[in-house]
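Just so we're aligned, residue 1 is where the sequence shown starts under UniProt numbering, counting upward by one.
Ideal placement from N, C-alpha and C gives every residue a C-beta, glycine not left out.
Keep in mind the model is a prediction, meaning the values are calculated, not measured.
Notes for the one structure printed next.
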Amino acid sequence: MALNFNQYATEGNAFLKDYAKEMNMPNDRNKAGRVFTSIMHALRDIIPTEESLQLISQLPMFLKAIYVNGWSIKKEKPKVKNMAEFLDLVRAHDWPAAINDFEYSDEVAEQYVDTTFIYLRKYISLGEMEDIRDSLPKDLKSMIYSNLMF
């Protein structure tokens with residue numbers, strides 16, 4: 001398999017342009033990229049490593065790079081039990097831009113998370129989404145469950 005970095009860059013830019021539109025920020029791809037990255041990094045912090053590896057296997061190369069950038073596999077996962085704690089973790093990954101990116105609003109942040117998981121269905125199978133959901137704490141399962149059918 002040949003590595004075609006120009007193709008990955010083209011696909012990544014197309015993804016970011018489309019994702020930014022979905023997030024209602026078509027003129028701010030940098031913000032969209034930060035939001036996406038922080039959501040993905042928060043997710044990888046709370047799901048089991050094995051589940052992360054299965055997720056990565058379904059992602060295109062340009063998304064794999066985002067997911068694994070800065071990853072340090074830890075045996076101790078953060079204790080995230082509900083959406084408020086997950087949003088705090090997302091914001092921590094977006095520091096110091098989080099204050100502006102998430103508009104001081106849990107509602108906005110939760111909408112970004114919902115839209116991101118809906119958007120990821122383009123790349124991740126229903127079965128894998130179910131596996132990720134099953135590995136989440138009880139109060140976070142709805143983060144994916146309500147979006148599975150899209």
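Legend entry - Contacts around tyrosine 67, its chain only, beta-carbon distance under 7 Å, and the 5 residues preceding and following it disregarded: Setting aside the 5 residues that flank it on each side, tyrosine 67 is surrounded in the same chain by Met40, Arg44, Ile56 and Leu59, each with a C-beta closer than 7 Å to its C-beta; the list follows chain order.
Legend entry - Cβ neighbours of arginine 138 in the same chain (closer than 7 Å, five flanking residues each side left out): Residue identity check: residue 138 is lysine in the sequence provided, not arginine. Hits under 7 Å: none found.
Inset, instruction - Decide if the stretch 110-128 is in contact with the stretch 17-33; the criterion is three or more beta carbon pairs, one per stretch, under 8 Å apart. - result: The answer is yes - the stretch 17-33 touches the stretch 110-128, with three or more Cβ pairs under 8 Å.
Inset, instruction - Kindly indicate the opening and closing residues of the alpha helix (DSSP H) around glycine 33. - result: Going by DSSP, glycine 33 is part of the alpha helix (DSSP H) stretching over 29-46.
Legend entry - Three-state class that DSSP yields for methionine 61 in the structure shown: In the three-state reduction of the DSSP assignment, methionine 61 falls in the helix class.
Legend entry - Beta carbon of alanine 32 nearer than 7 Å to that of alanine 14: Contact flag unset, no.
Inset, instruction - Quick one: give me the first and last residue of the alpha helix (DSSP H) that lysine 21 is part of. - result: Looking at the DSSP string, the run of the alpha helix (DSSP H) that includes lysine 21 is 5-22.
Inset, instruction - For the alpha helix (DSSP H) containing leucine 127, list its first residue and its last residue. - result: The identity of residue 127 in the sequence shown is glycine, whereas the question assumes leucine. DSSP places glycine 127 in the uninterrupted alpha helix (DSSP H) bounded by 126-135.
Inset, instruction - Consult DSSP for alanine 86 and reduce its assignment to one of helix, strand or coil. - result: Contrary to the premise, residue 86 reads as phenylalanine rather than alanine in this sequence. In the displayed model, phenylalanine 86 falls within a helix according to three-state DSSP.
Inset, instruction - For my contact list, valine 90 and serine 142 are in at a C-beta cut-off of 8 Å; report their separation, rounded to the angstrom. - result: In fact, because the Cβ distance is near 16 Å, the residues do not count as touching under 8 Å.
Inset, instruction - Could you tell me if leucine 140 is buried or exposed, where buried requires 16 or more neighbouring beta carbons within 10 angstroms of its beta carbon? - result: Burial call: buried.
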